[in-house]
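Chemist: In the UniProt record's numbering, the protein residues as written are 1 to 309.
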Amino acid sequence: LAQAQEEKQTRDLKDLMRSSSSMQSYSKYLELGGSPHIFTYEELEEATAGFSATRELGDGGFGTVYKGKLRDGRVVAVKRLYKNNYRRVEQFLNEVDILSRLLHQNIVTLYGCTSRSSRDLLVVYEYIPNGTVADHLHGPRAGERGLTWPVRMTIAIETAEALAYLHAVEIIHRDVKTKNILLDNNFHVKVADFGLSRLFPFEVTHVSTVPQGTPGYVDPVYHQCYKLTDKSDVYSFGVVLIELISSKPAVDMSRSHSDINLANMALNRIQNHEVELVDPEIGCETDSETKRMLSGGRAGLSVLADGHR
């Protein structure tokens, strides 16, 4: 029974990311938010103890994130955009605009922001306490071994649901990666970081734009042809699946030349039926468990292949 359930999860995962009708079914979740709450700089300076280094949660491509506590008692995450980023105003407005439109259990909630004229551009989100998927796979929390195989499957499915919802409401994330997938204390997913996201109307086939994203996750078709589609997110999601199976980072310069890019490594090894792609720490000790892991690998491979089309 357990094997049948896991095989069904794998089929559902593949179907969810392939089927436009599945994506459109998520439109029922859409609820447009109102205008975001405007915080003062002083409120958020106080909440983060003056943006203390001891409150830092991490650095992203566009800013540093701090843990804060508002006067009403809410614990929050506050992103402070880098001042030397010449596109910071554009990214600030873009992220606030897009997150204000969204309401989904697997997407981080926007609490508000500072005004555009503030001395710093600050965005305030709900605080997600358990780090990122990357932290648990190959980062500072990897030693905790909290990501069992069932947990990894749940992460994959919830991430797929979040992306399907985004695509159903005409949004492409454009920076899907394990560092942008946050986890709560029960290991449920919150997709974050919408600074690069784009609106993508159903009636267009693609958006012509300079490729942006993170090396190792960027769809080769998008990179080569400057044509952004929802398949760009699908490709990145395929890389996330392979990370979940292997616990290896998307790019690792210490690997052999042909294996530096995890997507290339995965395509080669799965096509050659090489089991060593699977992280041995997950606990696959029987043939049936190994087969289930490889079925997950093939699901990741099919998503990667879809991303090339």
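Glycine residues also receive a C-beta, built at the ideal position from the N, C-alpha and C atoms. Values in this document were obtained by computation on a predicted structure and should not be read as measured data.
Closer than 8 Å by C-beta to Asn-106: which residues in its own chain qualify, once you throw out the five before and the five after it? Chain order, please.
Modeler: Excluding positions up to five away in sequence, the list reads Glu-158, Thr-159, Glu-161, Ala-162, Tyr-165, His-188, Val-189, Lys-190, Val-191.
Chemist: Once you ignore the five residues that flank Pro-129 on each side, which residues in its own chain have a CB closer than 8 Å to its CB?
Modeler: Only Asp-184, Asn-185 meet the Cβ criterion.
Chemist: In angstroms with no decimal places, state the Cα-to-Cα distance between Thr-154 and Pro-140.
Modeler: Near 21 Å, if we compare the C-alpha coordinates of Pro-140 and Thr-154.
Chemist: Given Glu-45, which residues of its chain have a CB within under 7 Å of its CB, disregarding the five upstream and five downstream residues?
Modeler: Same-chain partners within the cutoff: Phe-51.
Chemist: Does the distance from the CB of Tyr-125 to the CB of Leu-110 come in under 9 Å?
Modeler: Cβ distance < 9 Å, so Tyr-125 and Leu-110 count as in contact.
Chemist: Buried or exposed for Val-96, please, with buried defined as at least 16 other CB atoms from any protein chain shown within 10 angstroms of its CB.
Modeler: Buried.
Chemist: Closest by CA to Asp-233, which one among Gly-60, Ile-270, Glu-42, Phe-194?
Modeler: Checked all of Gly-60, Ile-270, Glu-42, Phe-194; the closest Cα to Asp-233 is Phe-194.
Chemist: Going by DSSP, what residue range makes up the beta strand (DSSP E) through Leu-262?
Modeler: Element bounds for Leu-262: not the beta strand (DSSP E) but the alpha helix (DSSP H), 262–271.
Chemist: Mind checking which residues open and close the alpha helix (DSSP H) that includes Leu-70?
Modeler: Run containing Leu-70: none; DSSP gives neither H nor E here.
Chemist: Taking a contact to mean a Cβ-Cβ separation below 9 Å, would you say Gly-68 touches Arg-55 in this structure?
Modeler: A contact, by the Cβ cut-off of 9 Å.
Chemist: Thinking C-beta only, is Glu-243 closer than 9 Å to Ala-142?
Modeler: Not a contact, by the Cβ cut-off of 9 Å.
Chemist: For Asp-59, which residues does DSSP report across the bridge?
Modeler: Per DSSP, Thr-64.
Chemist: If you draw a straight line from the C-alpha of Val-278 to the C-alpha of Thr-229, how long is it?
Modeler: Going by the C-alpha atoms only, they are around 30 Å apart.
Chemist: Can you check whether the CB of Ala-77 is closer than 9 Å to the CB of Leu-57?
Modeler: Yes, Cβ-Cβ distance for Leu-57 and Ala-77 is below 9 Å.
Chemist: For Ile-242, which three-state DSSP category applies?
Modeler: Reduced to three states, the DSSP call for Ile-242 is helix.
Chemist: Kindly list the residues whose CB is nearer than 7 Å to the CB of Pro-36, restricted to its own chain and excluding five residues on each side of it in sequence; keep chain order.
Modeler: Excluding positions up to five away in sequence, the list reads Val-96, Ser-100, Leu-110, Gly-112, Cys-113.
Chemist: Could you tell me the distance, in whole angstroms, from the CA atom of Thr-10 to the CA atom of Arg-152?
Modeler: Unreliable positioning characterises Thr-10 in this predicted model, as indicated by a pLDDT of 49, which lies under 50. A coordinate reading is not provided.
Chemist: So for His-138, helix, strand or coil by DSSP?
Modeler: His-138: helix per DSSP, three-state reduction.
Chemist: Just curious, the alpha helix (DSSP H) that Glu-125 is in, first and last residue?
Modeler: Rather than Glu, the amino acid found at residue 125 in this sequence is Tyr. First-last for Tyr-125: 122–126, but that is the beta strand (DSSP E), not the alpha helix (DSSP H).
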